[in-house]
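In what follows, a single structure is set out as structure tokens and then discussed.
In my numbering, the protein residues as written are 444 to 541.
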């Protein structure tokens, strides 16, 4: 089965950057990885409060995550950041790695 990247882009308001980074590094990403649905994750920042989080898995595992695990994890995130963080999600299929 093809590997896919579940990519999450976050645009974080300036006054929330430190709290966002701490929450993502210490809590949220750890909780997502504990679901067992992803092989690895990359957390990267572009600067100016823009972050990319890439989770690697296959399509079937991603769909299970979205249906069964994501609602609670997203709910926790929204409780922590009810405003000031804009999230965009996408799924990319890896065609080739060199």
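Ideal placement from N, C-alpha and C gives every residue a C-beta, glycine not left out.
Query raised in the report: Are there 16 or more other CB atoms within 10 angstroms of the CB of residue 518, so buried, or fewer, so exposed?
Result: exposed
Query raised in the report: Any idea what DSSP makes of residue 445, helix, strand or coil?
Result: coil
Report task. To the nearest angstrom, report how far apart residue 528 and residue 514 are at their CA atoms. Result -> 17 Å
Report task. Give the DSSP-derived three-state secondary structure of residue 573 in the structure shown. Result -> This structure cannot speak to residue 573, because the chain is shown only from 444 to 541.
Report task. Select from 451, 450, 481, 486 the residue whose C-alpha is nearest the C-alpha of residue 464. Result -> 486
Query raised in the report: What separation, rounded to the nearest whole angstrom, lies between the Cα atoms of residue 537 and residue 502?
Result: 11 Å
Query raised in the report: So, are the CB atoms of residue 534 and residue 449 less than 8 Å apart?
Result: yes
Report task. Report buried or exposed for residue 453, applying the criterion of at least 16 other Cβ atoms within 10 angstroms of its Cβ. Result -> buried
Query raised in the report: For residue 499, which of helix, strand or coil comes out of DSSP?
Result: strand
**Report entry** Nearest-angstrom Cβ-Cβ length linking residue 499 and residue 483, presumed shorter than 8 Å
**Finding:** 5 Å
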